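Chemist:
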Amino acid sequence: MIKKIIIFLILISLSSAKMMEFKCSASSGCGDTSCPSGHEPRIMCPHSEVDPTNPTPICDICKVECARECGREATCLDDPSTAADECSSCCSTYCSKYGGFEKLSCEGMCYATCRANSEFCQAILLLQYLSLGVGTILLSINALKWMMSDNDRARNDAKKGIAYTIFALLLIITAIYLVGYFYVGTITC
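Every letter in the sequence shown is one number past the one before it in this note's numbering, and letter 38, counting from 1, is 42.
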C-alpha cells in the first residue's frame, strides 16, 4: 500500500512539471538570470502547468540551472607554477553576481571548467616542448649527417631529413594554434 502511494505521488509530481526550453536573460520572468559576461544561454527547465495555456517556469530550479550554465562559460585558468588556487578566487569573483544555491552551482561548474582548461593547457604545453625537443634532436642528427657525409647520396638524404623535420615542426605548430583557436577560444595557455 505504501509503495502505491509513493508511486502515485511521484507520478503526480512528474505530470505537474514538464521540461521546456528556457532562455536565461534579464527578462526571463524569473529575474535577471543572464550570465555575468552578458551571454544568455538556453537550458531545459521544468515548467508548472497550473494553467495549460500559459506554462510558467519553476524559477528556483531555472535560476540554479542558468547559474550552472554560466559557470561553464567562465574563462578562468589555474597556473600550476603557483601555490595559490587561482580557480577558486577567479570563480568566486566571476560568480559574485549570484547568491545562495545559484552561487554554489555557478562556482562548482566554473571550478570544474577551470580545472579542465588548466589540464588541457598543460597537455598542450607538454606536446609543444616534446615536439620542440624531438625536432631539435632530429635536426642535429641530420645536420651532422650532412656535414660528415662523403658522397652526394648521403648528403641528399640528410637534406631530405632536415626538410621533413622542418615541415613536421611547421605542421605541429599550425595544429597547436588551430586547436587553441577552435577548442579553447578565449583561453590563452
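Every residue gets a Cβ at the ideal spot worked out from N, C-alpha and C, and that includes glycine. Source: prediction; values computed, not measured.
Taking the C-alpha atoms as reference points, what is the distance between ASP89 and ALA167?
Modeler: Cα to Cα, ASP89 sits roughly 44 Å from ALA167.
Chemist: Return the CA-CA distance between PHE124 and LEU131, expressed in angstroms with no decimal places.
Modeler: Spanning the two alpha carbons is a distance of roughly 11 Å.
Chemist: Tell me, please, which residues DSSP counts as bridged to LYS27.
Modeler: Beta-bridge pairing links LYS27 to ARG46.
Chemist: Given a cut-off of 8 Å on the beta-carbon distance, is the pair GLU111 and CYS99 in contact?
Modeler: In this structure, CYS99 lies closer than 8 Å to GLU111 by Cβ.
Chemist: Quick check: the Cα distance between ALA120 and GLY33, rounded to an integer number of angstroms?
Modeler: Approximately 33 Å between the Cα atoms of the pair.
Chemist: Can you tell me whether LYS164 is buried or exposed? The criterion is at least 16 other CB atoms within 10 Å of its CB, across all chains shown.
Modeler: By the neighbour-count rule (16 or more Cβ atoms within 10 Å), LYS164 is not buried but exposed.
Chemist: Grab the span of the alpha helix (DSSP H) containing CYS80 for me, first residue to last.
Modeler: Where CYS80 is concerned, there is no enclosing alpha helix (DSSP H), given that its DSSP letter is neither H nor E.
Chemist: Give the C-beta separation of ARG72 and SER109 to the nearest angstrom, bearing in mind that I take them to be a contact with Cβ-Cβ under 8 Å.
Modeler: That belief holds up - the Cβ atoms of ARG72 and SER109 are roughly 4 Å apart, short of 8 Å.
Chemist: For the alpha helix (DSSP H) holding SER41, just list the boundary residues, first then last.
Modeler: Taken as a continuous stretch (DSSP letters only), SER41 belongs to no alpha helix (DSSP H), as it is neither H nor E.
Chemist: When you compare each of ILE65, THR97, VAL68 to THR79 by their alpha carbons, which one comes out closest?
Modeler: The shortest C-alpha separation from THR79 is found at THR97.
Chemist: Quick check: CYS74 and PRO45, are their CB atoms within less than 8 Å of each other?
Modeler: Going by C-beta atoms, CYS74 is nearer than 8 Å to PRO45.
Chemist: Enumerate in chain order the residues of its own chain whose CB-to-CB distance from ASP83 is below 7 Å, with the five nearest sequence positions on each side excluded.
Modeler: Within the same chain, ASP83 has close Cβ partners GLU90.
Chemist: Tell me which residue opens and which closes the alpha helix (DSSP H) that SER100 is part of.
Modeler: It is not in any alpha helix (DSSP H) - SER100 carries neither H nor E in the DSSP assignment.
Chemist: Pop quiz: LEU143 and THR169 are said to be a contact at Cβ under 8 Å. What is the actual Cβ separation, rounded to whole angstroms?
Modeler: LEU143 to THR169, Cβ: 5 Å. Contact.
Chemist: Assign PHE186 to buried or exposed, taking buried as 16 or more other Cβ atoms, counted over all protein chains shown, within 10 Å of its Cβ.
Modeler: So PHE186 ends up on the exposed side.
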